[in-house]
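Enquirer: Let me begin by handing over the structure; questions about it come next.
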Amino acid sequence: MEPDLTLDEVAEQNRSAPDAEDEDAFVVEEIGDSSDDRQAEPTVMLEPKKGMMFSSEDDAVRFYKAYARKKGFGVIRRTTRHGEDKMLTYFTLACNRQGKAQYSAKNSFKPNPSTRMQCPAKSNFSRRGENFCITTVTLEHNHPISPSKARFLRCHKKVDLHSKRRLELNDQAGACMNKNFGSPVMEAGNLEFGEKEYTNYLQEKRSLKLGAGDAHALYQYFLHMQSKDPAFFHVMDVAEDGRLRNVFWADARSRAAYESYWDVITFDTTYLTNKYTIPLATFVGVNHHGESVLLGCGLLSNEDTETFVWLFKSWLCCMSCKPPNAIITDQCKPMQNAIEEVFPQARHRWCTCHIMKKIPEKLNGYEKIKSTLSNVVYDSLTKHGFDKTWVEMINKYDLQDNEWLAELYDNKNRWVPAYVKDTFWAGMSSTKRSESVNAFFDGYVNARTTLKQFVEQYENALRDKVEKENKADSKSFQQQIPCITHYDFERQFQAAYTTAKFKEFQDQLRGKIYCYPTHLNREGSIFTFGVREDSKIFCEGEDGKGKEKRVILEFIVLFNQGECDVQCMCRLFEFRGILCSHIISVLALMEITDVPSRYILQRWRKDIKRKHTFIRCSYDDMIDTQVVQRYDNLCKRSRELAENGAESDALHDLVMDGLNELQSRPPSKRKESKVDQVVKKLRAKKQQVPTNTNEMPSQ
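Residue 541 in full-length UniProt numbering sits at position 541 of the sequence shown; the count goes up by one each step and never skips.
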């Protein structure tokens, strides 16, 4: 037996020319592995030799695969043996073309291709203490080998760290699959991975990264919710290999709340940033108090167009396929692509406050323009005014080459108030005072919160939000904010609006003292007024420091006296649903006592019974009222009735006739059902049975 040799000794003996039978010339060179999860391979190309020692099985496999990669053949593991302690004692690494091709009668007329041709090349490894030693080696192959084609063999395919990151970035940017894969191909040429490896890698990246106990906690939560809430909705996106990719859920209260607050939603992706552990996305609306209300939650494995499309479609299905009128999101191209596909009719805007927060990051060294940019964005009354002041700002600070600002200007119709104020946004992300829309689960989710912890805190968060809404409802009914003027229309809003929204109206009413309306023109019943507003803005002084500056702003208000219709160029009513101080000043000038009902939005009223307030909260520990109990019972029976009635036209007509007949009769004249008649007879008969044993007849 030959003595054991070290790698250095073998290296000196094996600096020889390549085999003549190789299809491609083989040149001895340094090799390495760019994979981030593997140790460095030997720095010198070696051939396997009897007696070579390796510190572990992994080192031996890594060495032989590197050798095979350079020579141009694939590697398979053939024989393995284990000792009584189940520890590996022996294994064989061989050419992937070893073995005899086998064909069955089933495929004799259309045989599948086979790589096997009984190639003898192999190396046997045996344990020597803690190490592994090569005991026998066969280097000769009975087939051509090609180093240039080795990258197509499965055992040599791997996605290196650079390619992984490149693929991830392209995928997040919404690049389609063929373009994403083609990008590194064009850049690097002979990649060590194919399109299949690329697809598999992205599928793995798109699976949810669940920690210990996360999957069980999520599963148990869904079981718990469905047992308490039959209308609880959840759907899971599972890959072909069984990996969980995405999850969406919404409870009955959220689904019912959407019926009242469907016009505007915010899709909040605050928790999808690297700052947070859980990949949580939320659908949030605003209720009649101006507070956030949850409309659904999602857990996402990725931020690409495909993932957002799946989530939006799941949410739309949950909400009876009724899309919102408007949706607010962060600035994200894949998200924009998905919205255009799933909500093609919805007005989509970016959250202005998120854009303004990016100024220090995107304009490094230009923070001094922050106040100027803020004035350009928020104080521009018209589209033309914004365009003019934007160009002045760009020229003043020499920002013509700033790509971020150029992109923002190209998409100004998605975020600039002057371009989006014709759409109703319910006060969400519309002015300086209401720009900050806090994430729904603030206070319950931090950077270290795991999914398991979030599930445990989820009900607490919803319970607190519901309790907050209930308190606001109670406050609006039991308390009354005094009027600050003698105007009759102020008392109209006092009687109709919730406390929070009436305060917003009073803010505009106070602003009337700074407004000076002037009649400019009249055409028939249409009056044109100019309203001068004495206002203050925050701007940059001559010394470079910020200061307040008094300015006179001019607005145009149109008033149709015949229909009592009024419009202001500031469009506050159109995008917030609150009459502005300019309109109020004109109404007072025209001696209008009561405003038409169209200016008192049902959305802000306190005297409307909304469906979601009757939905029993599965996370609510409070004792159910009799009204809620009766509502739950009726809903349960109604669902059963609807399911049975939908089975055929005849059953549908029968149910509808019965409901119409029941609804048309007053309670006092409604005929008892057969079931009620039977129950009534049984109760009467039971009452006739004597309960005193002394009164029972003797036998």
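Glycine included, every Cβ here is placed at the ideal spot set by N, Cα and C.
Cβ of Cys635 within 8 Å of Cβ of Ser585?
Expert: The answer is no: Cβ separation not under 8 Å.
Enquirer: What's the C-alpha gap between Ser123 and Thr136?
Expert: So the alpha carbons of these two residues sit roughly 6 Å apart.
Enquirer: State yes or no: is the C-beta of Glu47 nearer than 7 Å to some heavy atom of the ligand SAH?
Expert: The ligand content of the structure shown is nil, which means the ligand SAH is not present either.
Enquirer: Please give me, in chain order, every unbroken run of the beta strand (DSSP E) with length at least 3 that falls completely inside the stretch 60-135.
Expert: Those beta strand (DSSP E) runs which fall completely within the stretch 60-135 and span 3+ residues are 75-82, 88-95, 122-128.
Enquirer: Return helix, strand or coil for Val416, following the three-state DSSP convention.
Expert: Here Val416 sits in coil by DSSP.
Enquirer: Ignore the nearest five residues each way along the sequence and tell me which others in Leu589's own chain have a CB closer than 7 Å to its CB.
Expert: Cβ neighbours of Leu589 beyond the five flanking positions: Pro517.
Enquirer: Taking Lys157 as the reference, give the member of Ala101, Arg78, Lys65 with the closest Cα.
Expert: Nearest of Ala101, Arg78, Lys65 to Lys157, Cα basis: Lys65.
Enquirer: Would you kindly work out how many angstroms separate the C-alpha atoms of Arg127 and Val238, rounded to a whole number?
Expert: Distance between the alpha carbons of Arg127 and Val238: 43 Å.
Enquirer: Below 8 Å on the Cβ atoms is my guess for Ala256 versus Lys611; work out the distance and round it to an integer in Å.
Expert: 5 Å between Cβ atoms; contact.
Enquirer: So for Ser525, helix, strand or coil by DSSP?
Expert: In this structure, Ser525 counts as coil in the three-state DSSP scheme.
Enquirer: Around the C-beta of Ala500, are 16 or more other C-beta atoms found within 10 angstroms, so that it is buried, or is it exposed?
Expert: Its Cβ being crowded by 16 or more others within 10 Å, Ala500 is buried.
Enquirer: Secondary structure at residue 708, three-state DSSP: helix, strand or coil?
Expert: In the structure as shown, the chain begins at 1 and stops at 699. Residue 708 is therefore absent and cannot be evaluated.
Enquirer: Kindly give me the distance between the Cβ atoms of Phe233 and Ala217, rounded to whole angstroms, as I take these residues to be in contact under 8 Å.
Expert: Wrong, their Cβ atoms sit about 19 Å apart, outside the cutoff.
Enquirer: In three-state terms, what does DSSP make of Asn560?
Expert: The answer is strand: DSSP assigns Asn560 an E or B state.
Enquirer: Which residue comes first and which comes last in the alpha helix (DSSP H) that contains Ala150?
Expert: Element bounds for Ala150: n/a, residue is neither H nor E.
Enquirer: Taking a contact to mean a Cβ-Cβ separation below 8 Å, would you say His486 touches Glu533 in this structure?
Expert: Contact flag unset, no.
Enquirer: Use the C-beta contact count for Gly242: other C-beta atoms within 10 angstroms, 16 or more gives buried, fewer gives exposed.
Expert: Under this definition Gly242 is an exposed residue.
Enquirer: Along the alpha helix (DSSP H) that carries Gln508, what are the first and last residues, could you check?
Expert: Its alpha helix (DSSP H) spans residues 499-511.
Enquirer: If contact is defined by three or more beta carbon pairs under 8 Å, each pair taking one atom from either stretch, is the stretch 312-326 in contact with the stretch 261-270?
Expert: Cβ pair count under 8 Å is three or more, so yes.
Enquirer: Mapping DSSP to helix, strand and coil, what is Trp425?
Expert: Coil at Trp425, not helix or strand.
Enquirer: With H, G and I counted as helix, E and B as strand and the rest as coil, what does DSSP make of Tyr516?
Expert: Residue state, collapsed to three classes: strand.
Enquirer: To the nearest angstrom, how far is it from the Cα of Asp330 to the Cα of Phe424?
Expert: Asp330 and Phe424: Cα-Cα distance of roughly 18 Å.
Enquirer: Is it right to say Met52 is buried, meaning 16 or more other beta carbons lie within 10 angstroms of its own, or is it exposed?
Expert: Classification of Met52: buried, given that the 10 Å Cβ count is 16 or more.
Enquirer: At 3 residues or longer, what runs of the beta strand (DSSP E) sit wholly inside the stretch 325-396?
Expert: Those beta strand (DSSP E) runs which fall completely within the stretch 325-396 and span 3+ residues are 326-329, 347-350.
Enquirer: Can you tell me the Cβ-Cβ gap for Ile578 and Gln494, rounded? I've got them flagged as a contact below 8 Å.
Expert: Not really, about 14 Å apart at Cβ, beyond 8 Å.
Enquirer: Compute the distance between the beta-carbons of Pro48 and Ile134, then report whether it is under 8 Å.
Expert: For Pro48 and Ile134, yes; Cβs fall inside 8 Å.
Enquirer: Quick one: complete alpha helix (DSSP H) runs, 4+ long, within the stretch 248-296?
Expert: List check, alpha helix (DSSP H) in window: 252-260.
Enquirer: With which residues is Met236 paired in a DSSP beta bridge?
Expert: Val247.
Enquirer: DSSP state of Thr138, grouped into three classes?
Expert: It is a strand residue.
Enquirer: Specify, as a first and last residue, the run of the alpha helix (DSSP H) that Gln457 falls within.
Expert: Looking at the DSSP string, the run of the alpha helix (DSSP H) that includes Gln457 is 451-478.
Enquirer: Report the residue ranges of all beta strand (DSSP E) runs contained in full by the stretch 557-617; include only those spanning at least 3 residues, in chain order.
Expert: Correct list: 565-568.
Enquirer: According to the Cβ coordinates, are Phe477 and Lys606 closer than 8 Å?
Expert: The answer is yes: Cβ separation under 8 Å.
Enquirer: Beta carbon of Cys580, beta carbon of Leu572: below 8 Å?
Expert: Yes; because the gap between Cβ atoms is below 8 Å, this pair is in contact.
Enquirer: Could you give the distance in angstroms between the alpha-carbon of Glu661 and the alpha-carbon of Cys568?
Expert: Straight-line Cα distance between these residues: approximately 49 Å.
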